Ligand code: HEM
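In full-length UniProt numbering, the protein residues as written are 1 to 194.
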């Protein structure tokens, strides 16, 4: 008698990315809060240098044609220039652009982009904190401001693109690894700038 195949419950990519990187997220979240980036403008400057290191290293990914074919509209989303403008608003030196990261393939790169785009959700809280020290979407906290469509809608649109990808298990694993690499990179940038 043939065994009846059990249906496998396949999680969409966005859910797999979340499940595969949530412990990394929580550690980064805790580290950022422990660094007290909104305790003073000086500490906020350190936070901006962390953001500069991260968004500078991934900026080129947003322009790559193969990634834009997979995720249409990607090239409109990078926040690196906004981070540079925030540093300039505060009269801080804008460091040289960091060397670009080179994920092993497009799937790893998608994990990095998930990490970056998802960080817009937590940025709602960070943006509110930044207002308490006199910053705004036009001064010093441009890169934390919501997408014109609103954070939630923008995120749902990005998730829909991720979940619409035709992606096999190996590619899924590569994307999760990419997201974890991105959080690792962020942790290192935090350690270097605070
Ligand atoms: C103090 C700092 C942070 C706080 C308080 C925070 C908080 C949050 C919150 C509240 C969410 C929404 C969770 C949900 O609606 O399900 C979120 C999502 C997310 N954050 Fe953060 N975050 C922080 C820093 C970061 C950083 C630095 C990164 C990336 C470098 C990041 C990446 C993400 C990602 C990828 C998601 C999407 C998770 C998903 O798949 O739903 N976060 N964060």
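In this text, a Cβ means the ideal position worked out from N, Cα and C, and glycines have one as well.
The model shown is predicted, which means the values in this text are computed figures rather than measured ones.
Exercise for review: Determine the burial state of residue 109: buried for a count of at least 16 other Cβ atoms within 10 Å of its Cβ, exposed for fewer.
Suggested key: buried
Check your understanding: Leaving out the 5 sequence neighbours to the left and right, which residues in its chain are closer than 6 angstroms to residue 190 when beta-carbon positions are compared?
Key -> 31, 50
Exercise for review: Compare the C-alpha of residue 33 against each of 163, 80, 130, 74 and name the closest.
Suggested key: 130
Review point. Which term fits residue 156, buried or exposed, when burial requires 16 or more other beta carbons within 10 angstroms of its beta carbon?
Key: exposed
Review point. Is it buried or exposed for residue 125, if we count other Cβ within 10 angstroms and need 16 for buried?
Key: exposed
Review point. What are the residues that DSSP puts in a beta bridge with residue 122?
Key: Paired residue(s): none; residue 122 is not in a bridge.
Check your understanding: Alpha carbon to alpha carbon, how far is residue 139 from residue 164?
Key -> 36 angstroms
Exercise for review: Could you pull out every unbroken alpha helix (DSSP H) segment of at least 4 residues lying fully inside the segment 53-80, listed in chain order?
Suggested key: 65-70
Point to revise | Contacting residues, own chain, Cβ-Cβ under 6 angstroms from residue 12 (five flanking each side not counted) | key: 163
Practice item. Please confirm whether any heavy atom of the ligand HEM lies closer than 7 angstroms to the CB of residue 178. Key: no
**Study point:** residue 140, DSSP secondary structure in three states
**Key:** strand
Point to revise | Reference residue 79; option with closest CA among 36, 193, 60, 17 | key: 60
Check your understanding: Would you report the Cα separation of residue 71 and residue 118, rounded to the nearest angstrom?
Key -> 15 angstroms
Review point. Just to confirm, does residue 25 get its C-beta within under 7 angstroms of one of the non-hydrogen atoms of the ligand HEM?
Key: yes
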